[in-house]
Each structure stands twice: as C-alpha cells, then as structure tokens.
Amino acid sequence: MRHWLQRRAVARSAIVALMIGLMLLAGLAFVSARSAAQASASVAARQQVSQQWNEIYLKINIEYELLVDFLDQQSAQGRSVLTGSIGSAEENLRWLNAHGGPDDSAQARSLQNTYGGYSYTLRNLVDATRGDDAELVRQQARQAALSAAALRKQASNNIARNNLEIGDRLREAQRESDRIKLAVGVISVADLALVVFCSVVLLVYQRSTERQAAESRYRASHDALTGVANRDLLTEGIEKAIARTVPGGSGVGLLLIDLNRFKEVNDTLGHHAGDLLLQEVARRLTGASRGTDVVARLGGDEFAVLLSAVDSADEVMEIGRRMLAGLCGPAELEGLTLDISGSIGVAYYPEPSTGAAELLQHADVAMYAAKRGHNGISMYDPEADSNSFEQLTLLGELRRAIENGELELHYQPKVRVGTRALCGAEALVRWRHPARGLLGPHLFIPTAEQSDLMRPLTEAVLEAALAQHQRWRHEGLLTPVSVNVGASNLLDPGFPARVAALMDRYGTAAGQLTIEITESALVDDPVRATAALRDMRDRGVLLSIDDFGTGYSSMSYLQVMPLDELKIDRQFTTEILSTPRGRPIVTAMVELAHALGLQVVVEGVEDERTHRALGEMGCEIGQGYLFCRPLPPDEFAAWAAEWSHRAAPALS
Numbered sequence: 001m002r003h004w005l006q007r008r009a010v011a012r013s014a015i016v017a018l019m020i021g022l023m024l025l026a027g028l029a030f031v032s033a034r035s036a037a038q039a040s041a042s043v044a045a046r047q048q049v050s051q052q053w054n055e056i057y058l059k060i061n062i063e064y065e066l067l068v069d070f071l072d073q074q075s076a077q078g079r080s081v082l083t084g085s086i087g088s089a090e091e092n093l094r095w096l097n098a099h100g101g102p103d104d105s106a107q108a109r110s111l112q113n114t115y116g117g118y119s120y121t122l123r124n125l126v127d128a129t130r131g132d133d134a135e136l137v138r139q140q141a142r143q144a145a146l147s148a149a150a151l152r153k154q155a156s157n158n159i160a161r162n163n164l165e166i167g168d169r170l171r172e173a174q175r176e177s178d179r180i181k182l183a184v185g186v187i188s189v190a191d192l193a194l195v196v197f198c199s200v201v202l203l204v205y206q207r208s209t210e211r212q213a214a215e216s217r218y219r220a221s222h223d224a225l226t227g228v229a230n231r232d233l234l235t236e237g238i239e240k241a242i243a244r245t246v247p248g249g250s251g252v253g254l255l256l257i258d259l260n261r262f263k264e265v266n267d268t269l270g271h272h273a274g275d276l277l278l279q280e281v282a283r284r285l286t287g288a289s290r291g292t293d294v295v296a297r298l299g300g301d302e303f304a305v306l307l308s309a310v311d312s313a314d315e316v317m318e319i320g321r322r323m324l325a326g327l328c329g330p331a332e333l334e335g336l337t338l339d340i341s342g343s344i345g346v347a348y349y350p351e352p353s354t355g356a357a358e359l360l361q362h363a364d365v366a367m368y369a370a371k372r373g374h375n376g377i378s379m380y381d382p383e384a385d386s387n388s389f390e391q392l393t394l395l396g397e398l399r400r401a402i403e404n405g406e407l408e409l410h411y412q413p414k415v416r417v418g419t420r421a422l423c424g425a426e427a428l429v430r431w432r433h434p435a436r437g438l439l440g441p442h443l444f445i446p447t448a449e450q451s452d453l454m455r456p457l458t459e460a461v462l463e464a465a466l467a468q469h470q471r472w473r474h475e476g477l478l479t480p481v482s483v484n485v486g487a488s489n490l491l492d493p494g495f496p497a498r499v500a501a502l503m504d505r506y507g508t509a510a511g512q513l514t515i516e517i518t519e520s521a522l523v524d525d526p527v528r529a530t531a532a533l534r535d536m537r538d539r540g541v542l543l544s545i546d547d548f549g550t551g552y553s554s555m556s557y558l559q560v561m562p563l564d565e566l567k568i569d570r571q572f573t574t575e576i577l578s579t580p581r582g583r584p585i586v587t588a589m590v591e592l593a594h595a596l597g598l599q600v601v602v603e604g605v606e607d608e609r610t611h612r613a614l615g616e617m618g619c620e621i622g623q624g625y626l627f628c629r630p631l632p633p634d635e636f637a638a639w640a641a642e643w644s645h646r647a648a649p650a651l652s
C-alpha cells in the first residue's frame, strides 16, 4: 500500500482530481450565485408588475367608492374629489403596456379600453347629476358599478396571475438551489476525501523524502561496502573531537590500519572474496572498538579508528594493540579460510600532532613504518619521519620542475666487452634546481617514488630521451637509448600505448629503445607487469631487468616475462676481484641469463682487470667509468665520435 501511495501517478491523479473538484465547487458557486441573482431579478420584476396591478385595482376601487359617496351626498366637494380621481389608473396601465411582459402588456391594453369606457361613464354620470333626469343617473350609476366590478375582477385576476408566477419562480429557484446544494454536498464530500487522500500521500511522500534524505546522508558519510564511516565522516569526526579538547585535558588518538596481502586475495580469489574480507575486517574492528570510537574505511584495504577522550599516547598504543589482536586471525569466507593480518600506525593529538591534517599524516607515516618494520603496530616518531618540511617542499618544486622542463638528461655509454664498440646509451636524469644547482637522481627520485610524480617524471624523461635520439640520428650518431621506468608505470594500463605514441612522434625504430625495469616492479604485480611488458615488446621495445640480484624476484618471473637483457648491479661487479665468492656469483648470473636467452649488461666497470674478467665470463656489454662517466648530450656526441676512432683498431 505504501509503495502504491508513493507512485507519482497516484499523487498526480489525486492532485488533478482535487483541482477538478475545487473547480467544480467554484463553478457551482458561480452558477448558484447567477441563478439566485436571476431568480431575484425575475421575482423583483414580477413584484413590480404585480404592484402596478395592485395600484390599478386600488385606484379603481377608490374611484368607485368616491362615486358611491358622491351619489349619496351629492355634495360639491364629493363631485370635485370624484372628478379628480377619474382616470387615475391610466398611468399604471401605460407603464404595464410599456414595461410589462407579453401577457401583462396584452392585459393592460385590454383593460385600457374597458377603463376608458368606465372613466367616460363616470364623467357622464357627474354631468347627469346636475340635471333633473333621475332615471339617467340611475342607469349610468348601474353601468358604472358593472364596469367597476369588471375592472376590479380583471385587475384582481392579473394580480393573482402575477402572484402565481412569482410563487412558481420562487419554487423553481428553490428546486435549483436544492440541486446545487446537493451537488455542492457531493463534491464537497469528494473534495474532503481527496484532501484527506492528498494529505496522506503528502505525508507518505514527506516521510519517504526524509527517509531518502537520511539514506543519502548516510551513503554520503559511510562506506557502501562495509557500512562503516568513510573518509569524509572520519575527517569531520577528527575535527569535532579536536574542537572538544581543552588544554590539559584528554586528547585524540588515530589508528590507521592497512591489511597485509590483500592484493593477493583480490588477484587470486577475485574481487568478491576481497569484498568479503573487507566486510569481515570492518566487523572485527567495530567489535573491538569502544562505543565512542569511529571506525572508517578510507579506501582500498585501508581502515582507520578515531579514538576520542584518550589520556595519553600510551593509552592509544594499548587500544591499538587490542584492535590488532582483534583483527588478526583466520576467517571463514564462503568455505575459504583466509588469515587476516595488518599493520597499524598510531598518532596522537595534541603532541606531536597539532591538527586534524597532521594527525592523519602522522598516522599514515607510522603505518608505513609498521609495514616496513613488520612489527604490526608503530607509534609516529617525528625523528623517523621522512616527510619533513624540506621533503614536502622538494616535492612541490619537483612538480614544477617537470612542468617547466627543468629536468636534464645525461647519457652513459654501453660498450661491447672485448671490442669496446659503442652499442647504446643509458639516459640518466638530472635536475637543474634554480637554487641548489644540478641535483643527482638520488636526491629526488626516492621522493618521486613515494608520490604521484613518478609517472609524469618517467614520461618526461622518456620523451626527452627519444627527442635526443632523433637529433642524434639527424647528426649521424646511431645508437640505441635506454630509459629506466618505475614500477608504477607498469601498473598503468595506458603506459605502453603512450610509449608507442612517443616512438611514432620521434620516428624511433624497433629495437632502438630499451626500457629498464627493477625487480620490485615484477614482485609488486607480476600479472599486470607481464601484460605491460608483452604489449611494449610487441611494439618493438627491448626490455631489461635493472640491478638484478638486489631484489627478490622469483625465477619463475624470468621464465614467463618477455625480457631481452639482464643488468648486473655494480655491487656484484666490485666483488668480482675483491672477494672469493664475487666471481662465482657473477658467473652464475651470466649463465642463468644466457640459459634464458638474455644478453648481459654489467654495471660499475671501473678498471681493465674487471673488463677482462667480464670478457672471460662471457658478458656481452659493460658500463662504467672505465669507458665514460655520464655526459650531457652534446659532450656525449663528441665523446662518441672520438671513441669510435679509438675503438676502430680493436674492431679491425
């Protein structure tokens, strides 16, 4: 029933019906008023006509009575009064003839003739009384009496007729009024029912609107999947909790929780299993929280718990440990047993956090410290916070540097072991800082990797390298270029297409661009990384694993990924001659690469002994200060021209 009442068609129909009912009432009121006015006008007109007939009857009667009095007394005064009254009804008859209805006009004309004869008789009678003929007086008196009786009767009939017509008109008006009253009563009852119905519909709509508004407010402030608060509600709660604190009183704590291995659950079991896991985490955190705490999901697998009215950072840590204990443990999700664990970052207001934004930032820093330390929970430590003011300032400056083209590329040659022939150039980024001068990558790349700048920075470097490669080709220098690519770029599904677009723009042929990736890119998301690598390989891009041996990549990744090159990190190169195990380790890496069909590039070649040792181990390419340090583009071109002349005898 409620759903039926909530239909728009029902509400619209009720409103239309009510409007029609009100219009009918208004129409009936108009008809009733018009009918009453017409009836009143008609009755007034009939009454006016009847009044004329009454006056005629009265005047005829007066004339006759004056005649009788005169005949009895034969006085001069009586004669004078009688003579003055003769014809007194003429004016009324003329009015009826002019203003009466058809019947009254006809009756007035008929009566006018009779009345004229009656008046003539009266005048003759008055004259006859002056003579001695008594018989003539009696005859004319008898004729006058008969005429007066006939006139009174005719006037009386007309009076009666008009009174009957007035009565009929009044009765018809009453019947019409009764019909209108009945219609008004019926429509009023219907309108009253419609008013009640519309009130019910409006009430239902109001409650529905209020309920929808409450649901909208709830959806706007709560996470749709888990039902806990969202980031907006958490931020609002933090600000309110901080506003309620007083100096010397209790403070505010914040726990930031990140789940361990959640991505593996999503990738392996699907998003449905991931959703079930998030819902279970929300239930556990809610169950372990206090009644005044606010549990929120910030996005992905990141949750937060706002703790108001806590006395110290130690109390926040104690609550955090209880929350972690309540969170961790196995969970049954639709027949699957999953182990839930996470890392918690803890921050406290008013010290060291001084506001809502800092509280969130500090909890985030502490959470990442907990993940790195694998200790489950960590309190924010200002001394260990790398997100210092200087770092944040550097991040803003780096963003402007990318937009304003302040980045520069230096190139380090890649040389064939043995022949020393130039076979490539690795692009290494530098930052021409307006105040600090030329900065090496170690001063800003780690900051970019922890932000959203790594993708635009990588693409800026890639475009600059391909543009320089085009200029070198036009100058006659034909050498492939290598560019380092961060892990975040491989997780961007649009990255391979943008690489291909840049190659088309600068006319880069297949095999002339090598993308170097770190092992961490393979470990973070091997499925998406493999898809991106295959896409770029299909577009003619060569692929290399950079700094091999320093990460934790599985051998299975090397078997399935479309790689062309393996680069051995410099820390292994320096140990080839300096430690007993240095040479066997590098030899094993070289044999592994050759077994997988990959050529080997060795970084950090600093002297001839190391160069000869690499040749003996079968390494194809060397890179290091023995050949050349990284150079700006123009200096690299000059070095390449000179190097080609020096390497020519070895090639011959």
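Each residue of the sequence shown is one higher than the one before, starting from 1 at the first, in the UniProt record's numbering. Yeah, the Cβ is synthetic: ideal placement off N, Cα and C, and Gly gets one too.
How many whole angstroms separate the CB atoms of residue i and residue j, which I take to be in contact at a CB cut-off of 8 angstroms?
i: D569; j: E603; result: 6 angstroms
i: Y380; j: V429; result: Going by Cβ atoms, the distance from Y380 to V429 rounds to 32 angstroms, so no, they are not a contact pair.
i: T514; j: T573; result: 19 angstroms between Cβ atoms; not a contact.
i: T518; j: D492; result: About 16 angstroms; that fails the 8 angstroms criterion.
i: S85; j: L66; result: 5 angstroms
i: V184; j: L25; result: 7 angstroms
i: T508; j: L466; result: 5 angstroms
If you follow the alpha helix (DSSP H) that residue i is part of, which residue opens it and which one closes it?
i: C628; result: Unbroken run through C628: none, as it is neither H nor E.
i: M317; result: 313 to 327
i: M379; result: Run containing M379: none in the alpha helix (DSSP H); it sits in the beta strand (DSSP E), 377 to 379.
i: I257; result: Premise fails: I257 lies in the beta strand (DSSP E), 251 to 259, not in any alpha helix (DSSP H).
i: G287; result: 271 to 288
i: G116; result: 102 to 128
i: D301; result: Segment: none, D301 is in no alpha helix (DSSP H) and carries neither H nor E.
With 16 other CB atoms within 10 Å as the buried threshold, where does residue i fall?
i: P496; result: buried
i: D72; result: exposed
i: F30; result: exposed
i: M19; result: exposed
i: residue 681; result: Because residue 681 is not part of the residues shown, which for the chain are 1 to 652, the question remains open.
i: D139; result: First, the amino acid is wrong: residue 139 is Gln here, not Asp. Exposed, because fewer than 16 other Cβ atoms sit within 10 Å of the Cβ of Q139.
i: G253; result: buried
i: G440; result: exposed
i: H271; result: exposed
i: H469; result: buried
Can you tell me whether residue i is helix, strand or coil according to DSSP?
i: N427; result: In the sequence under discussion, the amino acid at residue 427 is Ala, which differs from the Asn named in the question. In the structure shown, A427 sits in a strand (DSSP, three-state: E or B).
i: E210; result: helix
i: H469; result: helix
i: A637; result: helix
i: I20; result: helix
i: P493; result: coil
i: F572; result: helix
i: E475; result: helix
i: Y506; result: coil
i: D607; result: coil
i: V310; result: strand
i: A421; result: coil
i: Y552; result: Unreliable positioning characterises Y552 in this predicted model, as indicated by a pLDDT of 49, which lies under 50. A coordinate reading is not provided.
i: I15; result: helix
i: R581; result: coil
i: A89; result: coil
i: V31; result: helix
i: H433; result: strand
i: D293; result: coil
Between which two residues does the beta strand (DSSP E) carrying residue i extend?
i: R416; result: 407 to 416
i: I568; result: 565 to 568
i: S482; result: 481 to 485
i: Q623; result: 621 to 623
i: residue 664; result: Outside the displayed span of the chain (1 to 652) sits residue 664, for which this structure offers no information.
i: V346; result: 342 to 349
Mind checking if residue i is an interface residue toward chain D, Cβ cutoff 8 angstroms exclusive?
i: A106; result: Of the protein chains in this structure there is only one, and it is not chain D.
**Item:** Contact the segment 530 to 546 vs the segment 445 to 452: 3+ CB pairs below 8 angstroms
**Value:** no
**Item:** the segment 142 to 154 in contact with the segment 35 to 46 per 3-pair CB rule at 8 angstroms
**Value:** no
**Item:** Three CB pairs or more closer than 8 angstroms across the segment 332 to 342 and the segment 255 to 270
**Value:** yes
**Message:** Check whether the segment 228 to 245 and the segment 349 to 360 touch, using three or more Cβ-Cβ pairs below 8 angstroms as the test.
**Reply:** yes
**Request:** Say whether the segment 579 to 591 touches the segment 393 to 402, bearing in mind that this needs 3 or more beta-carbon pairs closer than 8 angstroms, one atom from each stretch.
**Result:** no
**Message:** Is it the case that the segment 359 to 375 contacts the segment 268 to 287, given that we only count it when at least three CB pairs across the two stretches are under 8 angstroms?
**Reply:** no
**Message:** Can you confirm whether the segment 403 to 422 touches the segment 628 to 638 when touching is taken to mean that 3 or more C-beta pairs between the two stretches lie within less than 8 angstroms?
**Reply:** yes
**Item:** At least 3 beta-carbon pairs within less than 8 angstroms: the segment 293 to 303 vs the segment 221 to 237
**Value:** yes
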